[in-house]
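The sequence shown lines up with residues 1 to 415 when you count with our numbering. For every residue, glycine included, the Cβ atom is placed at its ideal position computed from N, Cα and C. Predicted model, so just to flag it, every value in this text is computed and none were measured.
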Amino acid sequence: MNMQNYIYLFFFRNIKGSDDLVTGDASYIKMINRSLIISKIIEHGMISRADLAKITGLNKATISVQAAELLAEELIIETKQEHKNLGRRPIMLSLNHQAGYSLGIDLDKSVITFTLSDLSGSPLDTHIIEIKAFDYNLMVKLLAEQITHYKQRCSQSPYGLIGVVIGIHGIVNNDETIYFVPRHQWHNKNLKADLQNETGINVYIENNANLCSFAEIVYKHYQSENLLSVSLYSGIGLGIMVNSKLLKGCDGYAGEIGHMIIVPDGLPCRCGNHGCWEQYASESSFMKQLSKIHNIEYVTYNEINQWFVEQDPVTCKLMKDFIKFLSYGLNNIINLYNPEILVINSELLRLYPNALEEIKAHLTSTVGQYHKLQISEFGKNACSMGACALAIKNFLEVKELCFSIEFKTKKSVPQ
Ligand SMILES: [Zn+2]
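Quick look at the structure:
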């Protein structure tokens, strides 16, 4: 074993724990080097072999052998960089974006969102299906039909559909089985196995809030090691990344923050307690109150946006209360985690002018500290985008992923 490989082995032993590998396992070292090289090619977009050697600390021969294998596998491509100076144009390596495709699914309360992305994490299209019934077997059938459709659609590329990740709005065990989905009343379901059997595609199951935080990390805040992502839709979920690791708890249930009690003896919650945060600061709680006031069955984002534009006093007052209750919970989680970045994922807050300033005005504790507070640019697509990215990470077997794609930052009002 040369010194360079020894250093890498030492490094990974320290982060993985000494029981994970046998000293001198050459194939393991090769796998680690491959993972590092792919990560750096993706991070830089285009990079020469010489620069890869500099950045990774690997020797040129190792880079050369690994690059040749990745080229043969059609996972990367070579291009000649254009430059104005005379002389040889360096040959650059980049990811073969069309080598395969990833499907991210957000299985929400009443809609399922499907996003297909290429290997660079760029979404190609998104489509939404409304669901009326939550029977588990019917859902397996519907999802299997859709996955099979995407599988056929991607079949011309070298790797086809490389994997599917499904975001569950409920509690997911560490072994990817579903423990409980309250709104669908599903208990102990193995959706992963059921869909893999039906489709022959690798399927991964993850909690939706974890996927939202993964999207923030991969697409927006790659450099951050301590990031929290709060999603405020039908309930409130928290994705927690501490010291670059997703914190999932003993069984995988960490982050059920919507059931933190913020009002003693407050509104009843489906969890059996009273006064839970999501009864006051989830989008569905806001919409429920607003539709009651306006005496209509439900309100749309379009209507709410219009009321904000007109500065409708009832809607504005309700929004101020919503932000006050939201801030109570944010204050608590800031005190718990001291995050570098706290991202709030909410379509409602994207529509409301000065949302961020109003929230910050409530966070005045001298003890609770954070560096950055942001409203997510992803809106409702965060979960399915995070799901696409996770499927790509699993397929490429990389430890880190950093995508730099252009997003439309313009606000759009969802239907
Ligand atoms: Zn609750």
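Through-space distance from residue j to residue i, alpha-carbon basis
i, j, result
"C402", "G266", "42 Å"
"S224", "E297", "42 Å"
"V203", "Q369", "38 Å"
"V230", "D118", "27 Å"
"L116", "L356", "31 Å"
"K40", "A215", "18 Å"
"N173", "A193", "14 Å"
"P339", "E278", "21 Å"
"F134", "H184", "5 Å"
"E358", "S346", "15 Å"
"H127", "C276", "33 Å"
"E400", "V111", "31 Å"
"I333", "S234", "19 Å"
"M385", "K245", "19 Å"
"K360", "K151", "45 Å"
"L75", "G163", "15 Å"
"N354", "G57", "46 Å"
"I42", "E377", "22 Å"
"I129", "I166", "14 Å"
"Y136", "D312", "42 Å"
"Q4", "Y28", "Note that Q4 scores 46 on pLDDT, short of 50, meaning its location in the model is unreliable; the coordinates nonetheless yield the value given after this. Computed Cα separation, rounded: 14 Å."
"H221", "K109", "28 Å"
"L349", "H149", "35 Å"
"D125", "P264", "45 Å"
"I91", "I131", "50 Å"
"D325", "L238", "Rather than Asp, the amino acid found at residue 325 in this sequence is Phe. Those two C-alpha atoms are separated by around 16 Å."
"A50", "I63", "8 Å"
"Y159", "W186", "33 Å"
"L52", "V65", "13 Å"
"S101", "F114", "Checking the sequence shown, residue 101 turns out to be Tyr, not Ser. Rounded to the nearest angstrom, the two C-alpha atoms are 13 Å apart."
Any non-hydrogen atom of ligand 1 within 6 Å of residue i CB
i, result
"N273", "yes"
"H371", "no"
"H149", "no"
"H169", "no"
"C276", "yes"
"C154", "no"
"C388", "no"
"C269", "yes"
"H416", "Residue 416 cannot be examined here, being either before or after the span of the chain that is shown, 1 to 415."
Residue i classed as buried or exposed, judged by whether at least 16 other C-beta atoms fall within 10 angstroms
i, result
"N207", "buried"
"N33", "buried"
"C316", "exposed"
"K60", "exposed"
"S282", "buried"
"N335", "exposed"
"M31", "exposed"
"A72", "exposed"
"V367", "exposed"
"V22", "Residue placement at V22 is flagged as unreliable, the pLDDT there being 49, under the threshold of 50; the coordinate-derived value follows with that caveat. By the 10 Å Cβ count, V22 comes out exposed."
"A391", "buried"
"E78", "exposed"
"R270", "exposed"
"T364", "exposed"
"V343", "buried"
"N96", "buried"
"K189", "buried"
"N302", "exposed"
"K393", "buried"
"N295", "exposed"
"H371", "exposed"
"G329", "buried"
"C383", "buried"
"G379", "buried"
Residues sharing a beta bridge with residue i, DSSP
i, result
"T126", "T115"
"Y417", "Since the first residue of the chain shown is 1 and the last is 415, residue 417 is not available in this structure."
"T79", "M92"
"N345", "S231"
"C276", "I261"
"E358", "Answer by DSSP bridge pairing: none, since E358 is not bridged."
"L58", "In the DSSP output, where bridge partners are listed per residue, L58 has none listed."
"Q185", "Answer by DSSP bridge pairing: none, since Q185 is not bridged."
"G167", "D106, E206"
"S48", "M92"
"P268", "H274"
"V172", "I178"
"M241", "L227, L246"
"I375", "I344"
Short CB-CB distance (under 7 Å) between residue i and chain D
i, result
"S117", "Considering every chain present, this structure includes no chain D. It has just one protein chain."
Distance cut-off 6 Å: residue i Cβ against heavy atoms of ligand 2
i, result
"S27", "In the structure shown, ligand 2 is absent; the only ligands present are ligand 1."
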